[in-house]
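Residue numbering for the sequence shown follows UniProt numbering, beginning at 1 and increasing consecutively.
Accompanying notes for the structure given below.
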Amino acid sequence: MMVHIHFLVLCHVPHLVKYNIYSIFLKLSVSTSVAIPQFIKDTKIFVWNCVLHSASDVVFYCCVHVYIGGEWGGRRDCQVESIVALAGAALARKWQCASVRTQSNAKWILPSGHDTNIYVYNCITKKKVPLILKNPNYASWYMCGPTVYDSAHIGHAWYVCCSSKFSIYNCYMKFDIIRRILCNHFDINVVMVMGITDIDDKIIHRAAELGEDINTLTRRFEAEFHEDMAKLNIKPATIITRVTDFVPRIIAFVQEIVDKGNGYVTVDGSVYFDTSQFDRYGKLFPVSMNEEPAQPTVDKKSPLDFALWKGAKPNEPSWLSPWGPGRPGWHIECSTMASAMFGRTMDLHSGGVDLLFPHHENEEAQSCVHHGVSQWVNYWLHSGHLHLKGDTKMSKSLKNTISIRDFLTKFTANEFRVFCLLSRYRNGVEYTDLSMENAVAVSKKLESFLEDADAYIRGVSSSGVVDEPFLLENLARTQVQFLSTLANDFDTAKGLGLLLELISITNRMLHQETKVVECSRRPGAVAAVSEFVRRTLNSLGTQYGTNKDMVADSPLQMERMVTSAVNFRNLVRELALLDLKDSKKQENEQRFLRNSSLLDACDTLRKDFLAAGVQVKDHGKLSSWSFSDSVKSQL
């Protein structure tokens, strides 16, 4: 490994009257076997920059304070430049595990198995790579779940976070969309395991704050979490795991790491992972010196070491272990639960981008040690943050969240899903009134198209000149492009754009005025487009549909009742319009007012229907109906 070190060196040598400052450029070929001289042990190193030029070529810009003591300090004939050179070698050796090594060992292994023809972004290689599954048509996927100490927020629906309300659901929504893409468009059977953290510092503090039993509190918020997920039409995980159910397995998991020499016990009965004994630490997220505390803590050998097991504290839940009473560390929980379900390796592991380091980095390290593998997770998926205006992440701790239940009083689950579809899952998104208004407008365009197409197909709306060959050609091209877009790291933003373009082409035909009634009607082509759009949207988790879709599980009498009421309204409205056209206000004031009142009554009935969840849409003389996406009174 070649290390280039730019030093501003401050040397203190006994017998010399004052400090000597040297600005020296050193180019050292550093071997891992370089011994650290005794006089270097108390060297204080301040790194103000580290630049990675290649996997094996690193430049440090450092300020080093070297205290020359012992026999070295007594040697007046000592060449200070030589001492500085030795200090440079010691510097590289001393910090190799924490910095240089993480750069050179960031390797990802392309797994062998079944090629899905999908490319996903790889956080290790920083590029898109083929998605290869261990088994054909089966994907093992672990997803970090919530820490259940408070109501979930809309950011969680955006991305999943083990520790972090509205921002949580943003995450779950994003990965729900990817899961549906894998299942519905690539015929992959996804087995998703979600880990629920039901013992944690935040839970302990919250229970004490509310004066509530910890188990009661966690079960209450977990039940609320699942209810909110259902309201957003987010599919439940295949398997739900809870930390408290896996404590014996966690203890055994930690013991295996300790037995292999990668864990050590501290005086308070805690167990830490020794990062210096794992040469691939920093695989997901290379750690640079300026991000690390200057000194390790009292308990830890290195600031990068992390807790596998936490020694018991007064008035906190604890379990007996070989190291004394205590409870699991955060990172070990997910590793143990995921390993219990999937074994030594898995295909996918997901979470919010803020979990990449340290949570996912630590998971990978401890799991590789425990299982004796080079790669525990084949593909890491990280979703971007949902930000408020001003680039502030939604977070419970920042108290700037929007609960799911509050959100759904203003918007629908479809509108939020469209909001998520409009951006790539890896991108952070700013949540503003304008961004939601845009999502609402797109959602209404999608819903309106399906309603208009259905009315045209059933002959309720007869206007429009449909160029069937042209429309079917665009449909075929869109289908191919859409699947290709999804295969490119699940690019729903571009995919939704393709759907909207096809809808615009079809709408222009449907709304084109014509005097020719039957000969220009092409309901087959319109039905094909409508079916593709509806099926595609529903495959992504939206719930758009006509009356036929929505009443499939409802009593037949309900459909007949609504249809009869709408038909009666059609008749009254048609007669009123006809009579109103024949009458003149000046000639028969009373007759004119009567017909106007009938039309007003028809409008009132339409509003009443909407409030009851039935949307009536007028098409000239005739009308169609469908169940509304919401019962909001947007009148």
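Glycine is no exception: its CB is placed at the ideal position from the N, C-alpha and C atoms.
Fully enclosed beta strand (DSSP E) runs of no fewer than 3 residues occupy 306 to 311, 326 to 328 and 346 to 352 of the region 283 to 353, in order along the chain.
In the three-state reduction of the DSSP assignment, residue 280 falls in the coil class, being assigned neither a helical nor a strand state. Relative to the Cα of residue 260, the nearest Cα in the group 372, 190, 319 and 422 belongs to 372.
The three-state reading of DSSP puts residue 375 in coil, since its state is none of H, G, I, E or B. It is roughly 18 Å from the alpha-carbon of residue 473 to the alpha-carbon of residue 534.
Note on geometry: alpha-carbon atoms of residue 420 and residue 369 lie some 37 Å from one another. Sorting 282, 336 and 212 by C-alpha distance to the C-alpha of residue 357 places 282 at the top.
Excluding the 5 residues flanking it on each side, residue 440 has same chain C-beta neighbours closer than 6 Å at 415, in chain order. By the Cβ-count criterion, residue 347 is buried, with 16 or more other Cβ atoms from all chains shown falling within 10 Å of its own Cβ. For residue 507, the enclosing alpha helix (DSSP H) covers residues 492 to 510. Put simply, the backbone Cα of residue 499 is about 22 Å away from that of residue 120. The Cβ atoms of residue 132 and residue 541 do not sit closer than 9 Å to each other.
Apart from sequence neighbours up to five positions away, the residues of its chain that approach residue 269 with a beta-carbon distance below 6 Å are 311, 323, 324 and 326, ordered along the chain. Around the CB of residue 174, 16 or more other CB atoms lie within 10 Å, so the residue is classed as buried. In the three-state reduction of the DSSP assignment, residue 172 falls in the helix class. For residue 618, there is no enclosing alpha helix (DSSP H); the residue is part of the beta strand (DSSP E) that begins and ends at 614 to 619.
Using a Cβ-Cβ distance cut-off of 8 Å, the region 403 to 415 and the region 231 to 249 are in contact, since at least three pairs of beta carbons, one from each stretch, lie closer than that value. Going by C-alpha positions, residue 345 is about 15 Å away from residue 381. DSSP places residue 403 outside any alpha helix (DSSP H), giving it a letter other than H or E. DSSP places residue 187 in no beta strand (DSSP E); its state is neither H nor E. Under the three-state reduction of DSSP, residue 513 is assigned to coil, being neither helix nor strand.
Residue burial annotation: residue 506 is buried, with at least 16 other C-beta atoms found within 10 angstroms of its C-beta. Between residue 267 and residue 329, the CB-CB gap reaches or exceeds 9 Å. Residue 384 places its beta carbon less than 9 Å from that of residue 426. The beta carbons of residue 576 and residue 526 sit about 30 Å from each other, so the pair does not count as a contact at 8 Å. In the structure shown, the three-state DSSP call for residue 358 is helix. Under the 10 Å beta carbon count, residue 215 is surrounded by fewer than 16 other beta carbons and is classified as exposed. In the structure shown, residue 221 adopts helical secondary structure according to DSSP, grouped into three states. In terms of Cα proximity to residue 192, the closest of 186, 170, 141 and 115 is 141.
The beta carbon of residue 625 lies closer than 8 Å to those of 547, 562, 563, 566, 609, 614, 615, 616 and 617 in the same chain, with the five residues before and after it left out. Per DSSP, the beta bridge partners of residue 488 are 119. About 5 Å separates the beta carbon of residue 336 from that of residue 250, a gap short enough to meet the 8 Å contact definition. If you look at residue 524, you'll find it in the alpha helix (DSSP H) that goes 523 to 539.
In this structure, DSSP gives residue 139 an extended state, which the three-state scheme calls strand. Here the alpha carbon of residue 307 sits roughly 25 Å from the alpha carbon of residue 222. The Cβ-Cβ distance between residue 189 and residue 117 does not fall below 9 Å.
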